[in-house]
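Student: Line order of the protein sequences matches chains A and B. Per numbering that gives the first Met the number 0, the very first residue in the first sequence carries number 0; after that it's consecutive. Per numbering that gives the first Met the number 0, the very first residue in the second sequence carries number 0; after that it's consecutive. No residue lacks a Cβ here, since even glycine has one placed at the ideal position from N, Cα and C.
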Amino acid sequence: MGHERLWWRVAWRNLWRNRLRTLITASGLAFGYLGAVLVVGVSDGMMVELIENGTRLMLGEVQVHSEDYLPERNMHHTIGGYEGTDLEIFINRITSQEEVSAAAPRVYGGGLLSSGEETQAALLMGVDPDREPRVTTLLSRLVSGRTLVAGANEILVGDEMAEQLGAVLGDEIVVVAPSSDGSLGNDLFTLVGILDTGIPAIDQNYTLLALPDLQFLMAMGPPRIHEVVITVGNAKDSPRIAGALREFLSDSELPVQVSSWTDLRPELAEMVSLMDASHFIIVIVIFGMAAFGVANTMLIGTFERRREFAVMRALGTAPIGIGRTVVYEGIVLGLISLIAGALITWPILVWWHNSPIDLTTVISGFSVAGAQWRPVLRVEYSVQAPIVAALGLFLTSILAAMYPAWKATRVPPADALAD
Amino acid sequence: MKTAVRTTNLWKIYPQEPDPVEAVQGISTEIETGDFVAMAGPSGSGKTTMLNMIGGLTRPSRGQIWIGDREITEMSDKDLAQLRLERIGFVFQSYNLLPVLTALENAEFTLLLSGIPKDERRKKVLELFNKIGLSGLEDRKPGKLSGGQQQRVAVARAVVANPALILADEPTANLDSKASADLLDVMERLNQDHGTTFLFSTHDPRVMERSRRLITLVDGQIESDERRNHLSVSP
């Protein structure tokens, strides 16, 4: 329609009547866009870092247990019961799922560690030294020594445990643990490595043995395991993948429970949800501030053009036509700002994603909800956040134009012409 | 002769402390179609208020206004806008061209609002520009035109859609005598050629002299209403 083109033309040219003001307003919106995308990106980076550190270190993203193993962690409740299961077939069955990257078996027990005169209670964790590094980073946290060799009666302890025991690499450590047959198993293990995960609860309490060595100590046959730890492509997809795996394994004879990290570490999941929700609030605050800036600028512009609006009314423009020119200015301003925002945001986003900012010289790491957070500011980006931010910016500029547009329609023509 | 404008007992009272201002006090008058009428009077006599009420830009406190056969005082803002678009053209003292549009775009503004196709719009405006001495200035923005040129563009904008009534508020106030004479020539020619009714508010003796009817207002009332019998377009 002829009118529409006229209103767009008037809106476009009006924007450029005061270039500096338009450029400042557009810059405000563009930097608002940058801020919103970066805040979400940094927050996403922290979330991914938390999830990765919370899952990749030891938890894994999905775990499979006997259906009655959790929460008591009774040593007798192994997958497949007392008979156990064919480990290779079971693991292969799990890894046959498309979204499962790797899986590793584990056995758990509790016991006492003695070295010289010192004795400490410990959580014993039997891992497959070959498979475990594919699902967690625990074995990579060795600060001295080497990893385990299965069948060699070797042991890894956390640095704080080693300190409490007064043990050093090469020392012999006596491990005493209740066995599944009711007896008390004990054996001599050589300390071959010391771990430092940065999480005191692990470094003080956990002791790693090779899976067959712990099974032997606890009088459990090779088919008996307590847990299969699974890693998947994207930790955020874990609940969905766990659901699919649960359905897939429900066909088997083994009554198992499949849990995602969100089930196993609800406090971490809640923290992630909280951060996710805080994005929304931060973005609303950023665009809210931008909206007031735009509305203020457009109100000033509207006030300056009262006489022009009155002339347009006198010439036969309906009030809605006047309002449209102002809203169209908002839309054009939004588009300009969006283009400028995208042009400044994307290079920064990609650069930051590829070169996370290392703050280790300024602050040390800390643990949040049981997950270690490294002081590295990384940015994660998805297609979703910039699109949502773009829509936010666009809506902001339109909503910010609404009140000035309404005011413009209310300009009394005779009074404005007399001004 | 048909009536272009009729007002009956028209009042405009501005609420103001301590006493309301009675800008127009019960004016009843008729203006015939095709007439060339000047409304004169000192500042504050109610000339501009009368024009604004007749043009539907402000509502009377009391009384009625007919434009042709339509009573406008109860019309909605939207209907008034449509009525102005179809029947009324405005010429203002300070030209009031839209600064972001070129001379041609300003002149074709009402045609555009009426949905006239581009070719037809351009043809009409260019013919009119040619007639009133604006050829070659089509692409200039108002800031690049002289006062006289701007006022001629404003007149072109007012008359291009052939409205029945042109309301001109002090159209020559900011022009020198030559530009004023030229503008009056243009308006008289349009009045004669198209039968367009002109109603001016003015202080300018040159406008009064060339009007066919002179209504003089004082303190919001008609002091005199005289018909004049000459009409002279400058050679």
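If we call anything under 8 Å between Cβ atoms a contact, is Ala407/A one with Gly329/A?
Tutor: No, they are not a contact pair.
Student: Using a Cβ-Cβ cut-off of 6 Å (strictly less than) and excluding sequence neighbours within five positions of Gly194/B, which residues of its own chain qualify?
Tutor: Gly33
Student: Rounded to whole angstroms, what's the CA-CA distance from Ile12/B to Asp414/A? Just pull it up for me.
Tutor: 14 Å
Student: Please give me, in chain order, every unbroken run of the alpha helix (DSSP H) with length at least 4 that falls completely inside the region 142-184 of chain B.
Tutor: Within the region 142-184 of chain B, the complete alpha helix (DSSP H) runs of at least 4 residues are 146-158.
Student: To the nearest angstrom, how far is it from the Cα of Arg305/A to the Cα of Ile299/A?
Tutor: 10 Å
Student: Would you tell me roughly how many angstroms separate the C-alpha atoms of Ile397/A and Val293/A, rounded to the nearest one?
Tutor: 9 Å
Student: Examine the Cβ distances between the region 177-191 of chain A and the region 127-138 of chain A and report whether three or more of them are shorter than 8 Å.
Tutor: Judged by Cβ distances under 8 Å, the region 177-191 of chain A makes no contact with the region 127-138 of chain A, as fewer than three pairs qualify.
Student: Relative to chain B, which residues along the region 7-18 of chain A have a C-beta separation below 7 Å, given in chain order?
Tutor: Val9, Arg12, Asn13, Arg16
Student: By how many angstroms is the C-alpha of Pro128/A removed from the C-alpha of Ser100/A?
Tutor: Their Cα atoms are separated by approximately 17 Å.
Student: Along the chain, which unbroken stretches of the beta strand (DSSP E) at least 3 residues long are found entirely within the region 194-228 of chain A?
Tutor: 205-209
Student: Are any of the Cβ atoms in chain A nearer than 8 Å to that of Asn173/B?
Tutor: So, not an interface residue.
Student: Please report the Cβ distance between Val282/A and Ile78/A, rounded to the nearest whole angstrom; I am assuming they are in contact, meaning their Cβ atoms lie under 8 Å.
Tutor: A Cβ-Cβ distance of about 45 Å is found for the pair Val282/A and Ile78/A, leaving them out of contact under the 8 Å criterion.
Student: Name, please, each residue of chain D whose Cβ falls closer than 7 Å to the Cβ of Asn51/B.
Tutor: The question asks about chain D, but that chain is absent: this structure's protein chains are A and B.
Student: In angstroms, rounded to a whole number, what distance separates the CA positions of Asn204/A and Asp262/A?
Tutor: C-alpha separation (whole angstroms): 23 Å.
Student: Could you tell me whether the region 84-103 of chain A touches the region 228-247 of chain A, where touching means 3 or more Cβ pairs closer than 8 Å?
Tutor: Output reads yes: the region 228-247 of chain A touches the region 84-103 of chain A.
Student: Cβ of Gly125/A within 8 Å of Cβ of Arg140/A?
Tutor: no
Student: For Ala268/A, collect the residues of the same chain with a Cβ closer than 6 Å to its Cβ; drop the 5 residues on either side in sequence, then sort them by chain order.
Tutor: Thr261
Student: What residue does the beta strand (DSSP E) around Gly144/A start on, and which one ends it?
Tutor: Looking at the DSSP string, the run of the beta strand (DSSP E) that includes Gly144/A is 141-144.
Student: Do Val228/A and Gly59/A have their beta-carbon atoms positioned less than 8 Å apart in this structure?
Tutor: yes
Student: What residues are listed by DSSP as bridge partners for Thr296/A?
Tutor: DSSP, once it has assigned bridges, lists no residue as partnering Thr296/A.
Student: Along chain B, which residues have their Cβ under 9 Å away from the Cβ of Pro318/A?
Tutor: What Pro318/A touches in chain B: Asp76, Lys77, Ala80.
Student: Identify which residue in Val9/A, Tyr32/A, Val387/A has its Cα closest to the Cα of Ile338/A.
Tutor: Tyr32/A
Student: On the CB-based measure, 16 or more other CB atoms within 10 Å of its CB, does Asp212/A come out buried or exposed?
Tutor: buried
Student: Ignore the nearest five residues each way along the sequence and tell me which others in Trp405/A's own chain have a CB closer than 8 Å to its CB.
Tutor: Gly322
Student: For Ser44/B, count the other beta carbons within 10 Å of its own beta carbon; 16 or more makes it buried, fewer makes it exposed. Which is it?
Tutor: buried
Student: Beta-carbon of Glu419/A versus every beta-carbon of chain B: anything under 8 Å?
Tutor: Residue numbering for chain A in the displayed model covers 0 to 418; residue 419/A lies beyond these limits and cannot be assessed.
Student: Using the Cβ count rule (16 or more neighbours within 10 Å means buried), how would you classify Glu222/B?
Tutor: exposed
Student: According to DSSP, simplified to helix, strand and coil, what is Ser95/A?
Tutor: Here DSSP, grouped into helix, strand and coil, assigns Ser95/A to coil.
Student: Three-state secondary structure (DSSP) at Ile321/A?
Tutor: Note: Ile321/A maps to helix in three-state DSSP.
Student: What's the C-alpha gap between Thr344/A and Val36/A?
Tutor: 8 Å
Student: Can you give, in chain order, each stretch of the alpha helix (DSSP H) that sits fully within the region 58-143 of chain A and has at least 4 residues?
Tutor: 86-94, 131-134
Student: Between the alpha carbons of Gln383/A and Val39/A, how many angstroms are there, rounded?
Tutor: 10 Å
Student: Go ahead and pull the three-state DSSP assignment for Tyr94/B.
Tutor: coil
Student: Name, please, each residue of chain B whose Cβ falls closer than 8 Å to the Cβ of Val326/A.
Tutor: None at all; the shortest Cβ gap to chain B is about 17 Å.
Student: Going by DSSP, what residues sit across from Phe89/B in a beta bridge?
Tutor: Leu166/B
Student: Got a sec, what are the start and stop residues for the alpha helix (DSSP H) Asp158/A sits in?
Tutor: That run of the alpha helix (DSSP H) goes 158-164.
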